[in-house]
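Student: Sharing a structure with you now.
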């Protein structure tokens, strides 16, 4: 399994990144499909460009980012100082997230797959948390950085794991 961020790259460079890793299927895990600043990654444009390049496209809404935790609601993921990452880590504890990961794994069993979001680097994107969830399920994950560089995804240093469950407790939590 691979992860990739489209950033503001020209579509040709993005396609070259996918080709260099032998990607056959792109699973879009953006919450908002489309981009005003980068129309080449728009709702209609990206699937068309991928199809023209011989690649498949699939949107996985259950893995989309931009999740929210209500103000004052307790979180088991207090190690995340960034509220967006903490909210996504909370969402990772839900059935819809598990369903999305299961669907992603089923798709990847048939085709060489990359999950895609907008951020260029995985550590600024919720796909790093999805990568953690895949790792604990025994799936090898590689982060595509450029057409010529990729690196193995590693579990977030402060993650805790129990079976297929991943969470990020605050430092003072003995869990």
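Numbering (my numbering), first residue to last: 524 to 698. Even glycine gets a Cβ: it sits at the ideal position worked out from N, Cα and C. Only a predicted model underlies this, so the values are computations on that prediction, with no experimental measurement involved.
Residue 534 lies in the alpha helix (DSSP H); which residues open and close that run?
Tutor: 534-543
Student: What residue does the alpha helix (DSSP H) around residue 530 start on, and which one ends it?
Tutor: Note, residue 530: premise wrong, no alpha helix (DSSP H); not H, not E.
Student: Any idea what DSSP makes of residue 560, helix, strand or coil?
Tutor: coil
Student: In whole angstroms, what is the alpha-carbon distance linking residue 540 and residue 578?
Tutor: 13 Å
Student: How big is the Cα-Cα spacing for residue 527 and residue 637?
Tutor: 7 Å
Student: Could you check if residue 655 is buried or exposed, using at least 16 other CB atoms within 10 Å of its CB as the buried criterion?
Tutor: buried
Student: Less than 7 Å separating the beta-carbons of residue 585 and residue 557?
Tutor: no
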